[in-house]
Amino acid sequence: METPSQAPSVTRRPKLGDMLVEANIISAAQLKEALDYQHAKDVKLGEALVALHFLTAQELTDFLNNQRKTLMMGDLLVKAGKITFQQLQETLKEQKRSGSRFGEALVTLGYLSELGFAQFFAKHIGVTCLDLSTITVEDASVKMMEEEAIRRLRALPIKRAGGGVLVGMVDPTDLLAFDEVTQALRRPIEVALILEKQMRQVLDRVFRKTGEIQGLMQELGEEMSRNRLDLNQFVNAEMVQDAPVVKILQTLFEEAIRQNASDIHIEPGQHVLRIRKRIDGVLHEQIIREKTVSVPLLSKLKLMAGLEISERRLSQGGRFSLKVGDSDVDVRLSTLPTENGESAVLRILNQTTGLTRLNRTGLPEDSIQRIDKWIHKPHGLVLVTGPTGSGKSTTLYAALNELNTPGKKIITVEDPVEYRLDRIVQVQVHPKIGLTFASVLRTVLRQDPDIVLVGEMRDEETCDIAIRAALTGHLVLSTLHTNDAVSTVIRLFEIGARGFAVASSLIGVIAQRLVRKICPQCSQPYQPSVQEQSWIETLAPDLAGAVFHKGAGCSQCLQTGYSGRVAVAEILEIDSQLANRIRHEDSSGFEEVARANPNYITLGKRGVMLASQGRTTLSEAMYLAGES
Ligand SMILES: [Zn+2]
Numbered sequence: 000m001e002t003p004s005q006a007p008s009v010t011r012r013p014k015l016g017d018m019l020v021e022a023n024i025i026s027a028a029q030l031k032e033a034l035d036y037q038h039a040k041d042v043k044l045g046e047a048l049v050a051l052h053f054l055t056a057q058e059l060t061d062f063l064n065n066q067r068k069t070l071m072m073g074d075l076l077v078k079a080g081k082i083t084f085q086q087l088q089e090t091l092k093e094q095k096r097s098g099s100r101f102g103e104a105l106v107t108l109g110y111l112s113e114l115g116f117a118q119f120f121a122k123h124i125g126v127t128c129l130d131l132s133t134i135t136v137e138d139a140s141v142k143m144m145e146e147e148a149i150r151r152l153r154a155l156p157i158k159r160a161g162g163g164v165l166v167g168m169v170d171p172t173d174l175l176a177f178d179e180v181t182q183a184l185r186r187p188i189e190v191a192l193i194l195e196k197q198m199r200q201v202l203d204r205v206f207r208k209t210g211e212i213q214g215l216m217q218e219l220g221e222e223m224s225r226n227r228l229d230l231n232q233f234v235n236a237e238m239v240q241d242a243p244v245v246k247i248l249q250t251l252f253e254e255a256i257r258q259n260a261s262d263i264h265i266e267p268g269q270h271v272l273r274i275r276k277r278i279d280g281v282l283h284e285q286i287i288r289e290k291t292v293s294v295p296l297l298s299k300l301k302l303m304a305g306l307e308i309s310e311r312r313l314s315q316g317g318r319f320s321l322k323v324g325d326s327d328v329d330v331r332l333s334t335l336p337t338e339n340g341e342s343a344v345l346r347i348l349n350q351t352t353g354l355t356r357l358n359r360t361g362l363p364e365d366s367i368q369r370i371d372k373w374i375h376k377p378h379g380l381v382l383v384t385g386p387t388g389s390g391k392s393t394t395l396y397a398a399l400n401e402l403n404t405p406g407k408k409i410i411t412v413e414d415p416v417e418y419r420l421d422r423i424v425q426v427q428v429h430p431k432i433g434l435t436f437a438s439v440l441r442t443v444l445r446q447d448p449d450i451v452l453v454g455e456m457r458d459e460e461t462c463d464i465a466i467r468a469a470l471t472g473h474l475v476l477s478t479l480h481t482n483d484a485v486s487t488v489i490r491l492f493e494i495g496a497r498g499f500a501v502a503s504s505l506i507g508v509i510a511q512r513l514v515r516k517i518c519p520q521c522s523q524p525y526q527p528s529v530q531e532q533s534w535i536e537t538l539a540p541d542l543a544g545a546v547f548h549k550g551a552g553c554s555q556c557l558q559t560g561y562s563g564r565v566a567v568a569e570i571l572e573i574d575s576q577l578a579n580r581i582r583h584e585d586s587s588g589f590e591e592v593a594r595a596n597p598n599y600i601t602l603g604k605r606g607v608m609l610a611s612q613g614r615t616t617l618s619e620a621m622y623l624a625g626e627s
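Under numbering that gives the first Met the number 0, the sequence shown has 243 at position 244, and the numbering climbs by one with no breaks.
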């Protein structure tokens, strides 16, 4: 007898009853009962199951259709040589284990890319496969259907074509969805296959909540003036439980998370209220005419953060957590009394960001490899430097995530604790009650840690303890506010660190920045200006002939030409030659040797490299170089 692995084209079809039991649609006892019934009445097993009310005829048909589709798809992929028979078996196993769709299981196991599977599937069912990232989807077309229906049916109206509509569907064979779409649009539809992830991106762009927030604000403003509400009533906690206020905040946070905003500013002006969100480092403004709504908004926020609601003359700070969609979000609230009333800044810390790994920071592969090598040393000091907002914390947390195993004790000393990490002991400093970086660090070292993260080496004492910890068998990670890698070492001397101690403890320095990425939707090549060209020739002559790009601005990127940011770093590894200069506290000698090393690539050069790959613009690269 042939075994399946020797005869790839022959698949043993499991029996219907077994399949239903395995899929948990019926129990083994029910199957037995149905088999007895089938035997006694001489009917098909399916009929027996339906007669016994173990499932409906519709459920049975759906199940069979699904099975048939999967088996066919699987066989076809094997026949076309896209996957092996072995991989098909693994995929079916994974599908059963996770309860996911066949295509999803294939992609999870890495046998095919999402697009690869979609293209094969589309060809097989005779439709076009559309890559939504490369075509323009008109907002007006998308809005022909409700957002809820689009997400549920996984069908997106893309554009009007002739008298009909081109609709992208994640599963064009889903006839029920097809019927509902036809009904909703009341026009003939032409179907193409699209990727679910890309569909969601389009929805996030089209159904931005700006309009909704405007509407809710107006509603609240009108209600306040109609009922002549005394603003001071809002100091009363029950008042701020009001539905419109909660709804506005909910919508505001939802949108901020979608847009990946880092902060929300609520600023009462003389005549209007400004809501500004920082996205990729740049503020985007929304004007609200109902200026008075800021009072209930702030009262509610203060209540959530456990602050004194009636205190409007002093600045206050607090934090709260909330769940927005699938994300757990921590919010730090800071209030400030101004001429026009109390203003607030909300820093948004999406806790999922705290789970980043090094390879997701966007740093180039060679940088990641070096950092990974450093942080796996048993002891020593690794420093990440850069101004506020340069992504230092993300890199440090990514490093901690690489190291976070049951075998390592990790303790952090932070101000503030930004992301909460499992298994890691995190301590918040409180200088007001004497819990300074230095004092906490001293205690922490008695807790037998393997790895210590010191939020910042601000003063001589902290610096001294951290370096001593690194010398006595601990891996210490920390940050400094310096501009480039070379000046970091010099800064350590200025703080009061001794050359011999730094020389024997410092492993390496990562000087980091974030640069904006060109929006992929509107990126186009362009000819650098004469100044830019001569700048490239001085800094990176080997890249002078490259083609550079910039974004023209489109609806996807809020007309900025940029979308998202990527980390860039200058990496300085302390070798014996450099250690020697450090030992003698020879700053100028150190700088000379460091800069002469061919492996030392400055931030400016890194920027030009990124620009030559079409990932960022020359102006971002120049900004990087100007700072260093
Ligand atoms: Zn764009």
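Every residue, glycine too, gets a C-beta built ideally from N, C-alpha and C.
May I ask which residues mark the beginning and end of the alpha helix (DSSP H) holding Tyr622? Leu617 to Glu626
Identify whether Ile423 lies in helix, strand or coil by the three-state DSSP scheme. coil
Does ligand 1 have even one heavy atom less than 6 Å from the beta-carbon of Gly550? yes
Can you list, in chain order, the residues of its chain whose CB lies under 8 Å from that of Lys95, leaving out five sequence neighbours each side? Glu21 and Ala22
Once you ignore the five residues that flank Ala398 on each side, which residues in its own chain have a CB closer than 8 Å to its CB? Leu357, Ile370, Ile374, Val381 and Leu476
Mind reading off the beta-carbon distance from Val443 to Val426? Whole number of angstroms is fine, and I expect it under 8 Å. 7 Å
Can you tell me whether DSSP reads Asp541 as helix, strand or coil? helix
Classify Cys462 as helix, strand or coil using the three-state DSSP reduction. helix
Under a Cβ-count criterion, where at least 16 other Cβ atoms within 10 Å of its own Cβ denotes burial, should Ala148 be classed as buried or exposed? exposed
Could you pull out every residue in the same chain whose Cβ sits closer than 6 Å to the Cβ of Val424, ignoring the five residues on either side in sequence? Ile410
Got a sec? Which residues, its chain only, sit under 8 Å from Glu413 by beta carbon, not counting five neighbours each side? Gln425, Val426, Gln427, Val428, Leu452 and Gly454
Taking only three categories from DSSP, how would you classify Gly361? coil
If you scan the segment 105-180 from start to end, which runs of the alpha helix (DSSP H) of 4 or more residues do you find wholly inside it? 113-124, 138-141 and 146-152
Quick check on Gln558: buried or exposed, where buried means 16 or more other Cβ atoms within 10 Å of its Cβ? exposed
Can you tell me whether DSSP reads Lys629 as helix, strand or coil? Coverage of the chain is limited to positions 0 through 627, which leaves residue 629 absent and any answer about it impossible.
Any C-beta of chain B sitting closer than 7 Å to the C-beta of Gly167? Checking the listed chains, one finds no chain B in this structure; it contains a single protein chain.
Need the endpoints of the alpha helix (DSSP H) that Thr394 sits in, please. Lys391 to Leu402
Assigned secondary structure, Tyr418 (DSSP; H/G/I helix, E/B strand, else coil): coil
Sort Leu617, Gly305, Glu536 and Glu266 by Cα distance to Glu289 and report the nearest one. Glu266
For Ile506 and Asp17, I'd like the C-alpha separation in whole angstroms. 60 Å
Would you call the segment 148-165 in contact with the segment 110-124, where contact means no fewer than 3 C-beta pairs closer than 8 Å? no
Can you look up Pro448 in the DSSP assignment and give me helix, strand or coil? coil
Nearest to Leu87 by alpha carbon, out of Thr69, Ile24, Leu300 and Leu296? Thr69
Please confirm whether Asp203 and Arg515 have their CB atoms less than 7 Å apart. no
Ordered along the chain, which non-local residues of its own chain (more than five positions away) have a Cβ less than 8 Å from that of Ala465? Leu380, Leu440, Val451, Val453, Met456, Val475 and Ser477
Using the Cα positions of Gln576 and Pro540, report the straight-line distance between them to the nearest angstrom. 28 Å
In whole angstroms, what separates the C-alpha of His548 from that of Met198? 26 Å
CA-to-CA distance, Leu44 to Asp35, given in whole angstroms: 10 Å
The alpha helix (DSSP H) enclosing Ser587, as first and last residue numbers: Ser586 to Ala595
His264, enclosing beta strand (DSSP E) - first and last residue: Ala260 to Pro267
Going by beta carbon distance, what residues of the same chain come within less than 8 Å of Leu184, once the five residues before and after it are set aside? Met143, Met144, Pro156, Val164 and Val166
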